[in-house]
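Student: Line by line, the protein sequences are chains A and B.
The first sequence maps to residues 542 to 1021 in the numbering used here.
The second sequence maps to residues 542 to 1021 in the numbering used here.
The structure is given below, and queries will be raised subsequently.
Protein chains: 2
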Amino acid sequence: MAKGDRFVNQIADIHTDYTKWYTDVCLKSELCDYGPVKGTMVFRPYGYAIWERIQAEADKRFKAHGVSNAYFPMLIPQSFLMREAEHVEGFAPEVATVTHVGNTELAEKLVLRPTSETIIGNMYAKWIESYRDLPLKLNQWANVVRWEKTTRPFLRTSEFLWQEGHTVFATPEEADNDALTMLDVYKELANDVLAMPVLTGRKSEKEKFAGAVATYGMEAMMKDGKSLQAGTTHFLGDNFAKAFDIKFLDKDGAHKYVYQASWGISTRLIGAVIMAHGDERGLCLPPPVAPVQAVIIPIGAAKNPDVSVKAAEIKATLEKADVRVTLDDRDQSPGFKFNHWELRGVPVRIELGARDLESGVVTVARRDTSEKFTMPIADVVKNLPKLLKDIAKAMYDKANKFTSEHIARVNSLDEMSAALDGGNFCDAYWCGDRECEDKIKNLYSASSRVFNADQSDVGEHTCVCCGKKAKHRIYFARAY
Amino acid sequence: MAKGDRFVNQIADIHTDYTKWYTDVCLKSELCDYGPVKGTMVFRPYGYAIWERIQAEADKRFKAHGVSNAYFPMLIPQSFLMREAEHVEGFAPEVATVTHVGNTELAEKLVLRPTSETIIGNMYAKWIESYRDLPLKLNQWANVVRWEKTTRPFLRTSEFLWQEGHTVFATPEEADNDALTMLDVYKELANDVLAMPVLTGRKSEKEKFAGAVATYGMEAMMKDGKSLQAGTTHFLGDNFAKAFDIKFLDKDGAHKYVYQASWGISTRLIGAVIMAHGDERGLCLPPPVAPVQAVIIPIGAAKNPDVSVKAAEIKATLEKADVRVTLDDRDQSPGFKFNHWELRGVPVRIELGARDLESGVVTVARRDTSEKFTMPIADVVKNLPKLLKDIAKAMYDKANKFTSEHIARVNSLDEMSAALDGGNFCDAYWCGDRECEDKIKNLYSASSRVFNADQSDVGEHTCVCCGKKAKHRIYFARAY
Chain A
542 MAKGDRFVNQ IADIHTDYTK WYTDVCLKSE LCDYGPVKGT MVFRPYGYAI WERIQAEADK
602 RFKAHGVSNA YFPMLIPQSF LMREAEHVEG FAPEVATVTH VGNTELAEKL VLRPTSETII
662 GNMYAKWIES YRDLPLKLNQ WANVVRWEKT TRPFLRTSEF LWQEGHTVFA TPEEADNDAL
722 TMLDVYKELA NDVLAMPVLT GRKSEKEKFA GAVATYGMEA MMKDGKSLQA GTTHFLGDNF
782 AKAFDIKFLD KDGAHKYVYQ ASWGISTRLI GAVIMAHGDE RGLCLPPPVA PVQAVIIPIG
842 AAKNPDVSVK AAEIKATLEK ADVRVTLDDR DQSPGFKFNH WELRGVPVRI ELGARDLESG
902 VVTVARRDTS EKFTMPIADV VKNLPKLLKD IAKAMYDKAN KFTSEHIARV NSLDEMSAAL
962 DGGNFCDAYW CGDRECEDKI KNLYSASSRV FNADQSDVGE HTCVCCGKKA KHRIYFARAY
Chain B
542 MAKGDRFVNQ IADIHTDYTK WYTDVCLKSE LCDYGPVKGT MVFRPYGYAI WERIQAEADK
602 RFKAHGVSNA YFPMLIPQSF LMREAEHVEG FAPEVATVTH VGNTELAEKL VLRPTSETII
662 GNMYAKWIES YRDLPLKLNQ WANVVRWEKT TRPFLRTSEF LWQEGHTVFA TPEEADNDAL
722 TMLDVYKELA NDVLAMPVLT GRKSEKEKFA GAVATYGMEA MMKDGKSLQA GTTHFLGDNF
782 AKAFDIKFLD KDGAHKYVYQ ASWGISTRLI GAVIMAHGDE RGLCLPPPVA PVQAVIIPIG
842 AAKNPDVSVK AAEIKATLEK ADVRVTLDDR DQSPGFKFNH WELRGVPVRI ELGARDLESG
902 VVTVARRDTS EKFTMPIADV VKNLPKLLKD IAKAMYDKAN KFTSEHIARV NSLDEMSAAL
962 DGGNFCDAYW CGDRECEDKI KNLYSASSRV FNADQSDVGE HTCVCCGKKA KHRIYFARAY
């Protein structure tokens, strides 16, 4: 390794300064940059390419569920937000308002969508006439604006990219079921595409979406033991139907309010991938979303042109097999290149030197395990797709083990405090009262995340906070 | 045809009321709807699906040219716009401004991007250090806001969707060449994907982009003889480099300004498709962008369940062959369904009745030519992909013939007036003076579109307007 090589990509220590580690990884791997306006960010090509992969995978799954894409205006009349009382209360403080065009003041103030239930509800009222128009399942890929005070790349920025599904049904059961179905779709996406285990379940009243009857969430554990809300689905009941007068003529001849669900995932997922899989060397990307799945690094090619020829040949073969591959033939030392691509989390590195070439092999290095092994050149194209699958599986298993090992059963606030400080989620029983949630938030900066899938023995337990009879088994955690 | 069927989809007569015909087609084929704020529109699923096809086809071509996608903030500091004098003059009157978040006034006013040269220039100044960073070729798919007074669905709305490519080079030649190369990419997209002939060339100073050194455009002829600017590419010179201090360290050790190009196509292209191909029965979609390429209509299926079975079988076979196919088994008359899908411009209709089934054939109807013919059921899957290609080709040829027949050589203003009123583009010689362009605009509401590819005999001619020596051969037309 040439002098200085190891320091080129220097990032903060993940064990002692996780916050700076995260920012360093985001910026130095060129996933993103800060925008000129405070709280905004730029998605650089490497970060945006991850989002493109997530989009493609999610979009395919939505369409398989009978969802069509559409696009609604970003500018919403301010009055629309007011129609649903909880909704406006939840979003008004962070909404950006357009007042002027050129030098002319607008007759009605317009807000930049923080989410689109209202403007879509307004259109649904126009489009839906009878039971024949139901169910209606639309989704949009869009930018939204929520002016948050504290921002961090991917996790919380004043503008972010997301998809928002908005579905309409004749009955509350169907709408609630859709919220649960899409939660499963999100979970499968997190597991299979992001190699990320998630806890899914209903959220408390305090944590639910402003305007929903029920919110379901998926929570992923980051390597510091904090939780990241990685996606939510909402059963909206007839709240927006009543606010926007969305009715249908039912088979029985009666006009009835519709029931709705909405659901969203966002560019936050990129932050989740960084923090669920990253390590002291930087990013570690799951192969299904990695913009570059394999990098070929020729070694000593300057002295041996055959190395370059063979490297290019391997690249062409892998491209034909739909592996996203890059050949790094820059005039830099191998050490520089190793660091460069490790920082960027490329799953597989393929080294090819003169001696390898003589033996008809390459040296393959896995980013996730750091394992290195030789592979006959002739087998690379056959082995790589399977290796990438194995890596995705191993990354999931590793993250799943980490998550399981960092969920602590707690029976008292003292136990909770210790568990949180030790970087754990808390599996606890809770009376269901907002006061206890608020107290835990104030004491430990932790919030309730989702109800535990297993509620069977709740009756036998008492609230972790107040000692009253428990109503729910729920996860508490510090969260992003 | 059942009573009333013909009137279900009634649209205005294309020959006597083209404007209403256009709006009727947009709304009644459910491509779009008006948004609640004046000048905004909603892309309904059928319209958005066309955009998704255009996006996929364009994105593929951009990437083949070494372009990567990225995403920049929508909110731009107002001061950025001011840095390039022509740019602010061009865009300021139609820019929407955000002044408040919640109840708090922002320290600096922010504008919603009308285009992103400024904010991207600001980032490029940070990212570009040396010649090794060049060329840099980024693109973003985004929404933009331009508050226009007169709006029409797809053609001119206060918010629209587009892509904007922003490329950076070391020399003016490379940047100008990129603008011309991308113009060719757009032309190929228009021809091969939208079956739409276009005239391409440089635009006059009056018509160029605010801030560009040169603008190149592609112009498509609509069926009323008006021109639609379907895409533009710009050579920006070092205008934005100077405004945003974008410099690179060249090989010779000197710091130099970069040279840039930018280029965009938008959801306007959907309007172009509607007006280039539509007819008295509504939309006529080119197969490459048609959300539904073939619709199967079973006839008399209620009396003969075998018809339904076979129709479903044909559908499954076509889906496997990647034909976008729909089976319309709704409880409606065949006439209703014929109208429904003709209005929506589906390229191929496949009818299957009991008698057809006995003979082992289907009846195939082409939307573009209205030809009907029988086809052995066994051949459908083999024939359809070729038929769809033939249709795209025939649609292009038809539009190309129409365009050729509606370009008039004019040598005087009287000839120009007559040609324009007859629904033609004018192929004219022009002195190059803004005064003549303005006069033609005032007299005939026509503007210069692009320079003719053939400038060989300009020296022998005089200006169509003032009679002075001609400097250019150029197209004048009324335009959308």
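Backbone N, C-alpha and C define an ideal beta-carbon position, used for all residues, glycine too.
1) By the three-class DSSP mapping on this structure, what secondary structure does Thr691(A) have?
2) Under the assumption that Thr773(B) contacts Gly758(B) (Cβ atoms under 8 angstroms), give the Cβ distance between them as a whole number of angstroms.
3) Starting from the beta carbon of Glu912(A), find every residue of chain B whose beta carbon is closer than 9 angstroms, and list them in chain order.
4) Taking C-beta pairs closer than 8 angstroms, name the residues in chain B that Tyr672(A) reaches, listed in chain order.
5) Please identify, using Cβ separations under 7 angstroms, the residues of the segment 609-638 of chain B that lie next to chain A, in order along the chain.
6) List, in chain order, every chain B residue whose beta-carbon is nearer than 9 angstroms to that of Glu860(A).
7) When Cβ atoms are compared, which residues of the segment 669-696 of chain B fall closer than 7 angstroms to chain A?
8) What are the residues of the segment 959-978 of chain B that lie near chain A, defined by any Cβ-Cβ distance shorter than 9 angstroms?
9) Less than 8 angstroms between the CB atoms is what I'm expecting for Glu635(B) and Arg687(B), so what's the real figure, rounded?
10) Pick out whichever of Ile891(B), Leu884(B), Asp995(B), Leu653(B) has its Cα sitting closest to the Cα of Gln551(B).
11) Examine chain B for any beta-carbon lying closer than 9 angstroms to the beta-carbon of Gly576(A), and answer yes or no.
12) Using a C-beta cutoff of 9 angstroms, does Tyr589(B) count as contacting chain A?
13) Do Cys1007(A) and Asp955(A) have their beta-carbon atoms positioned less than 9 angstroms apart in this structure?
14) Quick one, are the C-beta atoms of Phe695(B) and Leu824(B) less than 9 angstroms apart?
15) I want to verify the contact list: residues of chain B whose CB lies under 7 angstroms from the CB of Met664(A), in sequence order.
16) Taking Glu700(B) as the query, report the chain A residues whose CB atoms sit under 7 angstroms from its CB, ordered along the chain.
17) Along the beta strand (DSSP E) that carries Glu646(B), what are the first and last residues, could you check?
18) Which bits of chain A does Glu593(B) rub up against, with CB to CB less than 7 angstroms?
19) Run through the DSSP bridge pairs and tell me what Asn610(A) is partnered with.
20) My assumption, with CB atoms under 8 angstroms, is that Ala761(A) sits in contact with Met737(A). Please give the rounded CB distance.
21) Under 7 angstroms between beta-carbons, which chain B residues line up against Pro586(A)? List them in chain order, please.
22) Let me see if you follow: with CB-CB separation under 9 angstroms, is Gly812(B) close to chain A or not?
23) Can you name the residues of chain B whose CB is closer than 7 angstroms to the CB of Leu651(A)?
24) Need the endpoints of the alpha helix (DSSP H) that Ile661(B) sits in, please.
25) Beta carbon of Val709(B), beta carbon of Leu677(B): below 9 angstroms?
26) Could you check the C-alpha separation between Lys982(A) and Ser953(A) for me, to the nearest Å?
27) When the Cα atoms are used, what is the spatial distance from Ala648(B) to Ser671(B)?
28) Please report whether the beta-carbon of Ile660(B) lies at a distance below 9 angstroms from any beta-carbon of chain A.
29) May I ask you to report which of helix, strand or coil DSSP gives Ile555(A)?
30) Tell me, please, whether the CB atom of Asn644(B) is closer than 9 angstroms to any CB atom in chain A?
31) Starting from Lys809(A), trace the beta strand (DSSP E) both ways and give me its first and last residue.
32) Please confirm if Ile555(A) has its CB atom under 9 angstroms from at least one CB of chain B.
33) Residues in the same chain with beta-carbon distance under 8 angstroms from Tyr587(B), minus the five sequence neighbours each way, listed in chain order, please.
34) Beta-carbon separation of Asp863(A) and Tyr559(A) under 9 angstroms?
35) Looking only at C-alpha atoms, which of Lys851(B), Phe584(B), Val921(B) sits nearest to Phe701(B)?
36) Quick one: which chain B residues come within Cβ less than 9 angstroms of Thr708(A)?
Tutor: If we stick to the structure as given:
1) Residue state for Thr691(A) is assigned as coil, using DSSP reduced to three classes.
2) Indeed they touch by this definition, with Cβ atoms about 5 angstroms apart.
3) In chain order: nothing, as chain B lies at least about 31 angstroms away.
4) Per Cβ cutoff of 8 angstroms: no residues; Tyr672(A) is ~14 angstroms from chain B at best.
5) Of all residues in the segment 609-638 of chain B, the ones placed with a Cβ closer than 7 angstroms to any Cβ belonging to chain A are Ser609, Asn610, Ala611, Tyr612, Phe613, Pro614, Met615, Leu616, Pro618, Ala633, Pro634, Glu635, Val636, Ala637, Thr638, in chain order.
6) By Cβ distance, chain B contributes nothing, its closest Cβ being about 13 angstroms from Glu860(A), past 9 angstroms.
7) From the segment 669-696 of chain B, only Leu679, Asn684, Trp688 have a Cβ closer than 7 angstroms to chain A.
8) Answer set for the segment 959-978 of chain B: empty.
9) Rounded, the Cβ-Cβ distance is 5 angstroms, consistent with contact.
10) Nearest option by C-alpha distance: Leu884(B).
11) For Gly576(A), the closest Cβ of chain B is nearer than 9 angstroms.
12) Taking Cβ atoms only, chain A reaches closer than 9 angstroms to Tyr589(B), which makes this a yes.
13) Not closer than 9 angstroms, so no.
14) In this structure, Leu824(B) does not lie closer than 9 angstroms to Phe695(B) by Cβ.
15) Against chain B, the beta carbon of Met664(A) has neighbours under 7 angstroms at Asp574, Val583, listed in chain order.
16) Neighbours of Glu700(B) on chain A, chain order: Pro614, Met615, Leu616.
17) It spans 645-653 - the beta strand (DSSP E) in which Glu646(B) sits, taken as one unbroken run.
18) By Cβ distance, chain A contributes Asn610.
19) As DSSP reads the structure, Asn610(A) sits in a beta bridge with Asn680(A).
20) Rounded to whole angstroms, the Cβ separation of Ala761(A) and Met737(A) is 5 angstroms, and the two are in contact under 8 angstroms.
21) Here the neighbours are Ser609, Asn610, Ala611, Leu679.
22) Under the Cβ distance rule, Gly812(B) does not count among the residues neighbouring chain A, no pair being separated by less than 9 angstroms.
23) Correct list: Val578.
24) Residues 658-668.
25) Result yes, Cβ atoms of Val709(B) and Leu677(B) sit closer than 9 angstroms.
26) So the alpha carbons of these two residues sit roughly 15 angstroms apart.
27) Cα-Cα distance, rounded: 35 angstroms.
28) Answer yes: the Cβ-Cβ gap between Ile660(B) and chain A drops below 9 angstroms somewhere.
29) Assigned with DSSP and collapsed to three states, Ile555(A) falls in coil, not helix or strand.
30) True, the Cβ-Cβ gap to chain A drops below 9 angstroms.
31) Note on identity: in this sequence residue 809(A) is Arg, with Lys being the wrong assignment. For Arg809(A), there is no enclosing beta strand (DSSP E); the enclosing alpha helix (DSSP H) covers residues 809-818.
32) False, the Cβ-Cβ gap to chain B never drops below 9 angstroms.
33) Once the five neighbours on either side are set aside, the close Cβ partners of Tyr587(B) are Ser570, Glu571, Leu572, Pro832, Arg885.
34) Contact: no.
35) Put simply, of Lys851(B), Phe584(B), Val921(B) the residue whose alpha carbon is nearest the alpha carbon of Phe701(B) is Phe584(B).
36) Here the premise fails: no neighbours, minimum Cβ distance about 13 angstroms.
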